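Residue numbers for the sequence shown follow full-length UniProt numbering, beginning at 1 and rising by one. These notes concern the structure reproduced below.
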Amino acid sequence: MIEAVDLLDPHIGAAQGEHGLDEHGSPAARRVKHIWLIRTQSPAPFSPDAKVPCRRPFSLSTCCPAADRSTVALPVRLSHFATHKKDPMAAGRTGMRKIHAAMTVMLLAAGGFVAAAPVPDAVIADGPRDMAHAARNAQLLVPSDGMGMNALFLLAAGPGPHPTMLLLHGLPGNEQNLDLAQAVRRAGWNVLTLHYRGSWGSPGIFSVDHALKDAAAAIAFLRAPEIAAKYGVDRDRLVMAGHSMGGFATARHAARDAGLAGVVLIDAWNAGATGEQIAQGGPPARAAFVADMNDFGNSLAGATPGSIATEIARHGKAWNLLAAAPGLARVPLLIVYAEHGLAAQNQALARAITEVAPGARLTVRNLPSDHSFADQRIALSAAVVSWLETLPGR
């Protein structure tokens, strides 16, 4: 567990650290600096610049459980919660509103894991309408192996060219994360969403292998000069993002594509690791997997839970995302995982990346939700949009 205790909190006991009044003597400004005592099961260092807008003790699950325990004193400056010069009570209320508005995720116990920023405006508010270059949607077909995948291109407002995200859904794709796509567009990005061959009406036969190739085809589509010119795509600022199986396809491609500006994995599924478990576990493991894949409906052509189980078991080790860690360490990477979803697989990937490249540009967020982030939609969009704003060129 990570346990964060505010040593200046009056509910804890004796205060330690710095105290002081502002130039107006306002008691609302007494907390110039808080000292947080971090108890964690990971000896990894914490960033002294992390800002955690929270005054009460809390704890979150760590992504890197280990046997050794360590304690780190972490200074947290709250100067970004400014006090009002004339009304100390209003200042306190304003500060608390800002605190409560900040969708905070505690930093996790491995390199590159940081605290969440306040919710960006693009996540919760529409921007002004650009009459000359209004945001618009374009329905199109993205070619893959001679077939056209059904796709929707969300085009950002403004003259462009715009940074562009390819957002891939999971298996079978009931959750398409279109709310996330809209938030990213409001932040100034184009977002291409699509349905793999054989899924949701796209022609062809669905398979995980086809989905991997479809992801590569979609990136090639965005890089085509004529497509970039037509839709205002900045080919130097392409980001791949994927949820679940889409995260698997994203990670597999990104590990060998040095031209990407960034990568976002949203509770990514390590299909290779699952395949190895099925192969090693025999019929019981296969049956458990098939039983869990009960939401296909009529969404996939030529694929069943059983065929998917056979496919990933056959590829197993070759598809294990841990092998992609060196390649993923070369690009800015955001991992957002669900505490009640595929946490273990995402934690393992984060550890593998930090082990091969301690200086990797890796950010990890842990949200207390299920695999679909059903009750953390705003937090998910906030995590992704906040991270996009840190990329070069923004």
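We put the CB at the ideal spot given by N, CA and C, even for glycine. For clarity, every value in this text was computed on a predicted model and none was experimentally measured.
Taking residue i as the reference, give the member of the options with the closest Cα.
i           : options                : result
A329        : W189, A254, L152       : A254
A215        : L154, G281, D145       : D145
G359        : G188, P332, A383, D375 : P332
H162        : E311, A318, L238, I266 : L238
V208        : L180, G247, V233       : G247
D267        : P283, H169, L260, V385 : H169
Y196        : L362, A249, H133, L222 : A249
G327        : G198, L362, L178       : L362
G272        : A323, H210, I227, A288 : A323
Q176        : G393, A374, V385       : A374
H133        : F296, G232, I335       : G232
W189        : F206, G160, A217, S202 : G160
A122        : V385, L212, L334       : V385
E388        : L260, A352, S202       : It should be pointed out that residue 388 corresponds to Leu in this sequence rather than to Glu. L388 has its Cα closest to that of L260, out of L260, A352, S202.
A379        : G393, N294, T164, A183 : A183
W319        : I124, T274, N346, D179 : T274
residue 395 : A187, F153, V142, L166 : As shown, the chain starts at 1 and ends at 394. That puts residue 395 outside it, with no answer to give.
W269        : P128, A348, F153, V356 : A348
R286        : D236, A217, S307       : S307
T310        : F289, G297, A325, P128 : F289
L212        : A251, K230, D179       : A251
A217        : G297, M147, L321, F153 : M147
F153        : A301, K230, D370, N346 : K230
Label residue i either buried or exposed according to how many other C-beta atoms from any shown protein chain fall within 10 Å of its C-beta, with 16 as the threshold for buried.
i    : result
N137 : exposed
R314 : exposed
R365 : buried
P172 : buried
M131 : exposed
A344 : exposed
E226 : exposed
G393 : exposed
A382 : buried
T354 : buried
P305 : buried
R351 : buried
A325 : buried
A224 : exposed
T104 : Here T104 scores only 34 on pLDDT, less than 50, and its place in the model should not be relied on; the value that follows carries that caveat. So T104 counts as buried.
Alpha carbon to alpha carbon, how far is residue j from residue i? Give it in angstroms, no decimals.
i    : j    : result
S299 : W200 : 5 Å
M149 : I219 : 13 Å
P118 : Y337 : 19 Å
L194 : T390 : 26 Å
V191 : A151 : 10 Å
A303 : D292 : 15 Å
L155 : G282 : 47 Å
K317 : F221 : 29 Å
H340 : P368 : 7 Å
L265 : A181 : 14 Å
I312 : S372 : 22 Å
Q376 : I335 : 15 Å
T164 : R185 : 9 Å
N174 : A135 : 25 Å
D257 : V263 : 11 Å
P203 : H210 : 12 Å
P143 : D295 : 27 Å
G198 : D234 : 29 Å
P120 : A228 : 27 Å
G158 : F206 : 37 Å
A357 : L167 : 26 Å
D370 : N346 : 14 Å
P128 : L140 : 26 Å
D236 : A301 : 35 Å
L321 : G297 : 28 Å
L342 : D179 : 21 Å
Identify every residue that forms a DSSP beta bridge with residue i.
i           : result
T304        : None, per the DSSP bridge assignment.
residue 399 : Any answer about residue 399 is impossible in this case: the structure gives the chain only from 1 up to 394.
residue 402 : This structure does not reach residue 402, given that the chain is present from 1 up to 394, and the question cannot be answered.
M165        : V191, V239
G262        : V239
S202        : S202 pairs with nothing; no bridge assigned.
M147        : S144
residue 432 : This structure leaves residue 432 out entirely; the chain is present only between 1 and 394.
I'd like to confirm something about residue i: is its beta-carbon nearer than 7 Å to some heavy atom of the ligand FMN, or not?
i    : result
A211 : This structure does not include the ligand FMN; it has no bound ligands of any sort.
For this session: Would you be able to state if there are at least three C-beta pairs under 8 Å between the stretch 241-248 and the stretch 277-289?
Result: In short, these stretches do not touch, since the Cβ pair count stays below three.
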